[in-house]
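In mature numbering (1 follows the signal peptide of the UniProt record, and there is no 0), the protein residues as written are -23 to -1, 1 to 338.
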Ligand SMILES: *[C@@H]1O[C@H](CO)[C@@H](O)[C@H](O)[C@H]1NC(C)=O
Ligand SMILES: *[C@@H]1O[C@H](CO)[C@@H](O)[C@H](O)[C@H]1NC(C)=O
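1) By the 10 Å Cβ neighbour count, where 16 or more other Cβ atoms means buried, how is residue 71 classified, buried or exposed?
2) Can you grab the Cα-Cα spacing for the pair residue 106 / residue 178, in whole Å?
3) For residue 196 and residue 260, what's the separation of their Cα atoms in angstroms?
4) Please enumerate, following chain order, all residues with a beta carbon closer than 5 Å to at least one heavy atom belonging to ligand 1.
5) Nearest CA to the CA of residue 411: which residue from 241, 21 and 297?
6) Taking CB distances under 8 Å as the criterion, tell me whether residue 191 reaches chain C.
7) Given 8 Å as the limit, is there contact between the stretch 258 to 275 and the stretch 200 to 208, that is, 3 or more CB pairs closer than that?
8) Determine, using beta carbons only, whether residue 48 and residue 308 come nearer to each other than 8 Å.
9) In its own chain, which residues sit with a C-beta less than 6 Å from the C-beta of residue 300, not counting the 5 before and 5 after it?
10) Using a threshold of 8 Å, state whether the C-beta atoms of residue 60 and residue 67 are closer than that.
11) What distance in whole Å lies between the Cβ atoms of residue 65 and residue 15, which are believed to be in contact at a cut-off of 8 Å?
12) What did DSSP end up calling residue 134 once you bin it into helix, strand or coil?
13) State the beta-bridge partners of residue 102 as determined by DSSP.
14) Tell me whether residue 241 sits in a helix, a strand or coil according to DSSP, three-state version.
15) Which runs of the alpha helix (DSSP H) fall wholly inside the stretch 258 to 322 and span at least 4 residues, in chain order?
16) At the level of alpha carbons, what is the spacing between residue 3 and residue 255?
17) Mind checking whether the beta-carbon of residue 320 lies closer than 7 Å to any heavy atom of ligand 2?
18) Just confirm the distance between the C-beta atoms of residue 116 and residue 75, as a whole number of angstroms; I'd bet it's less than 8 Å.
19) State yes or no: is the C-beta of residue 219 within less than 8 Å of the C-beta of residue 324?
20) For ligand 2, is there a heavy atom less than 7 Å away from the beta-carbon of residue 336?
21) Return the chain-ordered list of same chain residues with a C-beta closer than 6 Å to the C-beta of residue 192, the five sequence neighbours on each side being excluded.
22) So, helix, strand or coil for residue 41, using DSSP?
23) Please report how far the alpha carbon of residue 56 lies from the alpha carbon of residue 315, in whole angstroms.
24) Here's the rule I'm using: 16 or more other beta-carbon atoms within 10 Å means buried, otherwise exposed. How should residue 63 be labelled?
25) Any contact of the stretch 88 to 104 with the stretch 159 to 174, i.e. 3+ C-beta pairs under 8 Å?
26) So does residue 234 have its beta carbon nearer than 7 Å to some heavy atom of ligand 2?
27) Indicate whether residue 12 and residue 104 have their beta-carbon atoms separated by less than 8 Å.
28) Out of curiosity, what's the CA-to-CA distance linking residue -18 and residue 58?
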């Protein structure tokens, strides 16, 4: 009897630990850089649920992450001391799992509704935010409106969006509708003004700490090297797009924060991090930042990563896993920079400062 009580006590204690009583909730919105499997449940070609995706994941199986292993949200969850958030569409996202947070991201989407139309059924930003409202209702039914509001207000949020508005919209085909409508600088201003509306909507829905990532050096992805570069130089037009977008993103966040009177939105300028890999891959233990581990054609940058593709034996030596997405190790380094980067990477503060500040409240 006594021993079964002791065991009961241990189980209780473990149960409380595994709730992560301390870990704050984490919500993820955006595109394939952060989708951890929502698109598996959708009729779309934008998916990563077949081998060799997931080859280095703990289960060695594809999960829907666009990575050989873990992705950016997984590493952020680790920093929070939390288990990974489940995709919103996963049937496992019920009960206590709702308290961990949820991932609403969907590969292929952009800031604009017309980005990624070729992928058909993907969850665009307005629908991601509707799903978040639905999640809030489900959580509220379980723990009540007061605790739900508190959980959402105290959560960390990640939004990674914008790259597809260039790659899968403006530059998707020559003379695309958007490129006929807008000169590049005007398009960037339009994107930033639409993104601003999305951020204010997130604020209305209760988000109070939101990491917003920049676009990365779009022109240096193996896909762009294969399609647009003659000599292995990063593709100039896409680099120009990123160079216009990222500083305006920071400016817009600064203006929204001052309007709200609080540093709700934090720019994570992934561009600087990825530029570092690209300029000096060896310093990060990569043998190449130009050639994708998985793919075919020049730089392994053409088409999709499938069972039939070239596959590198050691993924940690490659900055890019496929034609567009960083390797697991690349994702880990990106999150290290989000955690501890200086003003060059993080504005107005890094994640370790956020965690220290918020734990005092
Ligand atoms: C995108 O679609 C949503 C509805 O799905 C709509 O409310 C919104 O105005 C659209 N955005 C733009 C810029 O057209
Ligand atoms: C994070 O940002 C702060 C403030 O900018 C800086 O002092 C610190 O060195 C950065 N890194 C860590 C690990 O806190």
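All C-beta atoms, glycine included, are put in the ideal place defined by N, C-alpha and C.
Small disclaimer: the values here were computed from a predicted structure and weren't measured.
According to the structure shown:
1) Here the question's residue 71 lines up with position 94 in the chain shown. Per the 10 Å Cβ criterion, exposed.
2) Start at 1 with the first residue of the chain shown, and residue 106 comes out as number 129. Start at 1 with the first residue of the chain shown, and residue 178 comes out as number 201. Rounded to whole angstroms, residue 106 to residue 178 spans 8 Å at the Cα level.
3) The residue you call residue 196 lines up with position 219 of the chain shown. The residue you call residue 260 lines up with position 283 of the chain shown. Taking C-alpha positions only, residue 196 is separated from residue 260 by approximately 21 Å.
4) The answer, residue by residue, is 90 and 103.
5) There is no way to answer for residue 411, as the model of the chain reaches only from -23 to 338.
6) Structure shown: chain C not included; a single protein chain is present.
7) Yes: at least three Cβ pairs fall under 8 Å.
8) Here the question's residue 48 lines up with position 71 in the chain shown. Here the question's residue 308 lines up with position 331 in the chain shown. Yes, the Cβ-Cβ distance between residue 48 and residue 308 is below 8 Å.
9) Taking the chain shown and counting its residues from 1, the one referred to as residue 300 is at position 323. Correct list, in chain order: 199, 200, 269, 272 and 278.
10) Within the chain shown, the letter at position 83 stands for residue 60. Within the chain shown, the letter at position 90 stands for residue 67. Against a cut-off of 8 Å, the Cβ pair of residue 67 and residue 60 comes out as no contact.
11) For the purposes of this step, residue 15 is identified with residue 38 of the chain shown, where counting begins at 1. For the purposes of this step, residue 65 is identified with residue 88 of the chain shown, where counting begins at 1. Right, the Cβ-Cβ distance comes to about 6 Å (below 8 Å), so this counts as a contact.
12) For the purposes of this step, residue 134 is identified with residue 157 of the chain shown, where counting begins at 1. If DSSP states are grouped into helix, strand and coil, residue 134 belongs with the strands.
13) Position 125 of the chain shown, counted from the first residue, corresponds to residue 102. BP columns for residue 102 are empty, so no partner.
14) Locating residue 241 in the chain shown gives position 264, counting from the first residue. Three-state DSSP puts residue 241 in coil, outside helix and strand.
15) Correct list: 305 to 317.
16) For the purposes of this step, residue 3 is taken as residue 26 along the chain shown, with counting starting at 1. For the purposes of this step, residue 255 is taken as residue 278 along the chain shown, with counting starting at 1. Distance between the alpha carbons of residue 3 and residue 255: 30 Å.
17) Here residue 320 corresponds to residue number 343 of the chain shown, with the count starting at 1. At least one heavy atom of ligand 2 is nearer than 7 Å to the Cβ of residue 320, so yes.
18) What you label residue 116 is simply residue 139 of the chain shown in a count that begins at 1. What you label residue 75 is simply residue 98 of the chain shown in a count that begins at 1. The Cβ separation is near 5 Å, so the contact holds.
19) Your numbering for residue 219 matches position 242 in the chain shown. Your numbering for residue 324 matches position 347 in the chain shown. No.
20) Walking along the chain shown from the start, residue 336 turns up at place 359. The answer is no for residue 336.
21) Counting from 1 along the chain shown, the entry for residue 192 is found at position 215. A distance below 6 Å between beta-carbons, with the five flanking residues on each side excluded, links residue 192 to the following residues of its chain, in chain order: 139, 140, 219 and 222.
22) As a working mapping, residue 41 is identified with position 64 in the chain shown. In the three-state DSSP reduction, residue 41 falls in the coil class, being neither helix nor strand.
23) By one-based count along the chain shown, residue 56 stands at place 79. By one-based count along the chain shown, residue 315 stands at place 338. A straight line joining the alpha-carbon of residue 56 with that of residue 315 spans about 10 Å.
24) Along the chain shown, one-based indexing puts residue 63 at 86. By the 10 Å Cβ count, residue 63 comes out buried.
25) Proximity of the stretch 88 to 104 to the stretch 159 to 174 meets the contact definition, three or more beta-carbon pairs being nearer than 8 Å.
26) The residue you call residue 234 lines up with position 257 of the chain shown. Residue side-chain check: residue 234 keeps its Cβ at 7 Å or more from all non-hydrogen atoms of ligand 2.
27) The residue given as residue 12 occupies position 35 in the chain shown. The residue given as residue 104 occupies position 127 in the chain shown. Between residue 12 and residue 104, the gap from beta carbon to beta carbon reaches 8 Å or more.
28) If you number the chain shown from 1, residue -18 lands on position 6. If you number the chain shown from 1, residue 58 lands on position 81. A caution first: residue -18 carries a pLDDT of 43, below 50, which makes its placement in the model unreliable, though a value can still be read off. Each residue's Cα considered, the two are about 27 Å apart.
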